[in-house]
Amino acid sequence: MALSLASNLAHAPAINGLYSFVFMPLLYAIFGSSPLLVVGPEAAGSLLTGTIVKTSVKQGHSQEDDEAASAMVVGIATAMAGTMILVAGLTRLGFLDNVLSRPFLRGFITAIGFVIFVDQLIPEVGLADLAKEAGVSHGSTVQKLVFLAENIKSCHGLTAAVSFGSFAIIMLFR
444 MALSLASNLA HAPAINGLYS FVFMPLLYAI FGSSPLLVVG PEAAGSLLTG TIVKTSVKQG
504 HSQEDDEAAS AMVVGIATAM AGTMILVAGL TRLGFLDNVL SRPFLRGFIT AIGFVIFVDQ
564 LIPEVGLADL AKEAGVSHGS TVQKLVFLAE NIKSCHGLTA AVSFGSFAII MLFR
């Protein structure tokens with residue numbers, strides 16, 4: 444899952460997902476205080492990081508290797524987020540999460556789920572190469588939905604069957 448979050452949502456090299464999966468829980472085990480906190484890569488953070496990477500590194504137009512530039516942007520964004528969380532913790536700003544209303548949080552989580560669903564639908568129907576050629580793989584959710592509607596007849600049948608069959612089995616036994 445960490446590999447998928449890194450490469451598909453965060454638009455970073457897949458190895459970054461392994462780093463976050465291995466090193467972050469170890470660091471939290473040393474420095475953290477709550478035994479019930481889950482640490483590691485997660486979808487919302489990966490999606491927000493991917494948005495930063497997409498806007499900072501124009502795929503195919505950067506001066507250096509896109510993977511290297513993406514890794515640098517991810518590192519800088521992670522360091523900035525960690526610094527802000529550290530400052531918020533030291534200044535006791537934990538009460539601010541109670542300010543956000545439940546409908547707002549539910550809408551935010553639902554929107555993240557929808558964006559992830561659309562992002563994952565392109566490779567699940569076998570259109571990843573066509574999306575990359577069309578320049579849609581790093582586009583907005585609306586662009587991806589339009590691309591899916593226009594190219595649904597070009598999907599790879601076996602890939603789509605395995606994807607939807609796996610999804611059905613997971614939902615059935617859930």
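In the working numbering, each number is its position in the sequence shown, counted from 1, plus 443.
Positions of the beta carbon are idealized from the N, C-alpha and C atoms, including for glycine.
In this text, all values refer to a predicted model and were calculated from it rather than measured experimentally.
Do you know how far the Cα of residue j is from the Cα of residue i?
i	j	result
Val517	Ala455	7 Å
Gly525	Lys596	44 Å
Ser580	Ala531	35 Å
Val542	Leu536	11 Å
His599	Thr521	36 Å
Val500	Gly460	19 Å
Val481	Ala487	14 Å
Leu588	Ala611	22 Å
Leu601	Phe607	10 Å
Ile613	Met515	36 Å
Contact check, residue i vs residue j under 8 Å by CB: the rounded distance?
i	j	result
Gly483	Ala453	Actually they are not in contact, since the Cβ atoms of Gly483 and Ala453 sit about 13 Å apart, beyond 8 Å.
Leu448	Ser489	4 Å
Gln586	Asn451	The Cβ separation is near 16 Å, so there is no contact.
Ser476	Val496	Contact doesn't hold; Cβ gap of about 31 Å is too wide.
So, with DSSP's three-state summary, where would you put residue i?
i	result
Thr602	helix
Ser450	helix
Ser477	coil
Val558	helix
Ser513	helix
Pro456	coil
Leu461	helix
Thr534	coil
Glu593	helix
Once you ignore the five residues that flank residue i on each side, which residues in its own chain have a CB closer than 7 Å to its CB?
i	result
Asn594	Leu570 and Leu573
Thr584	Val558 and Val561
Phe464	Ala445, Gly483 and Pro484
With a CB to CB cut of under 8 Å and the five nearest residues on each side skipped, what residues in its chain are close to residue i?
i	result
Ala603	Glu567, Val568 and Gly569
Gly582	Phe590
Ile458	Ala449
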